[in-house]
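Engineer: Right, I'll just put the structure down here and ask away after.
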Ligand SMILES: Cc1cc2nc3c(=O)[nH]c(=O)nc-3n(C[C@H](O)[C@H](O)[C@H](O)COP(=O)(O)O)c2cc1C
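Numbering (our numbering), first residue to last: 13 to 160.
Here you go:
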């Protein structure tokens, strides 16, 4: 299995918690991975031969959390075309807001523009329905991990 890079964007810690739980799950499965802190992302382009997983909540009006926004902009303005990159996205949101999971949709659009390929459809977790998003995210990732 290729190395997995886990990235998260959070305002109040939920996406960080979900990403940490995915990291624990991957450790249990002996899957090589690295959980990035948002501060580590400056200047980092996801390697095309490794899997990128992003867990990101939405804030404002479907916006990205402050700490991951600079990296998003960096990818948008400076990243090369990444046609061999595979990625998976987990969005945390709340359907009572006008733009549900807007932040992860922004990543989806950007990565598609960069030519990358999703390993499976983006998981969008609604806080009004998913009370244990870390378990849903783990199940979503296990579908990929066990298919390898
Ligand atoms: C001020 C504020 C703005 C939010 N805006 C949105 C939004 O536009 N769209 C959405 O789907 N969820 C929105 N949410 C819901 C959060 O994304 C959701 O509660 C998420 O689980 C928070 O995760 P975090 O702690 O990692 O930031 C908002 C929450 C807050 C507190």
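Positions of the beta carbon are idealized from the N, C-alpha and C atoms, including for glycine.
Just to confirm the assignment: which complete beta strand (DSSP E) runs, minimum length 3, are found wholly within the stretch 82 to 131?
Structural biologist: Those beta strand (DSSP E) runs which fall completely within the stretch 82 to 131 and span 3+ residues are 98 to 105.
Engineer: Does any heavy atom of ligand 1 sit closer than 7 Å to the C-beta of residue 143?
Structural biologist: Answer for residue 143: no, Cβ out of range of ligand 1.
Engineer: How many angstroms separate the CA atom of residue 74 from the CA atom of residue 109?
Structural biologist: For residue 74 and residue 109, the distance between alpha carbons rounds to 8 Å.
Engineer: If you draw a straight line from the C-alpha of residue 82 to the C-alpha of residue 113, how long is it?
Structural biologist: Cα to Cα, residue 82 sits roughly 19 Å from residue 113.
Engineer: Below 8 Å on the Cβ atoms is my contact criterion, and I expect residue 153 with residue 37 to pass it. Report the Cβ-Cβ distance as a whole number of Å.
Structural biologist: That belief holds up - the Cβ atoms of residue 153 and residue 37 are roughly 7 Å apart, short of 8 Å.
Engineer: As an exercise, report each continuous beta strand (DSSP E) stretch of at least 3 residues that is fully enclosed by the stretch 17 to 69, in chain order.
Structural biologist: Counting only runs of 3 or more, we get 45 to 48 and 63 to 69.
Engineer: How close, in whole Å, do the beta carbons of residue 87 and residue 128 come, if the pair is a contact with beta carbons under 8 Å?
Structural biologist: The pair is not a contact, with the Cβ atoms about 10 Å apart (cut-off 8 Å).
Engineer: Quick one: is the Cβ of residue 13 within less than 7 Å of any heavy atom of ligand 1?
Structural biologist: The answer is no for residue 13.
Engineer: Going by C-alpha distance, which of 41, 76, 62 and 39 is nearest residue 118?
Structural biologist: Per the Cα distances, 76.
Engineer: In its own chain, which residues sit with a C-beta less than 6 Å from the C-beta of residue 139, not counting the 5 before and 5 after it?
Structural biologist: Around residue 139: 106.
Engineer: Can you list, in chain order, the residues of its chain whose CB lies under 6 Å from that of residue 4, leaving out five sequence neighbours each side?
Structural biologist: With the chain covering 13 to 160 only, the question about residue 4 has no answer from this structure.
Engineer: Could you give the distance in angstroms between the alpha-carbon of residue 15 and the alpha-carbon of residue 72?
Structural biologist: Distance between the alpha carbons of residue 15 and residue 72: 33 Å.
Engineer: State the DSSP-derived secondary structure class of residue 148, mapped to helix, strand or coil.
Structural biologist: Here residue 148 sits in helix by DSSP.
Engineer: Out of curiosity, what's the CA-to-CA distance linking residue 79 and residue 22?
Structural biologist: Looking at the two C-alpha atoms, the distance is approximately 7 Å.
Engineer: Can we count residue 104 as close to ligand 1, meaning its CB is less than 7 Å from some heavy atom?
Structural biologist: It does: the Cβ of residue 104 is within 7 Å (strictly closer) of some heavy atom of ligand 1.
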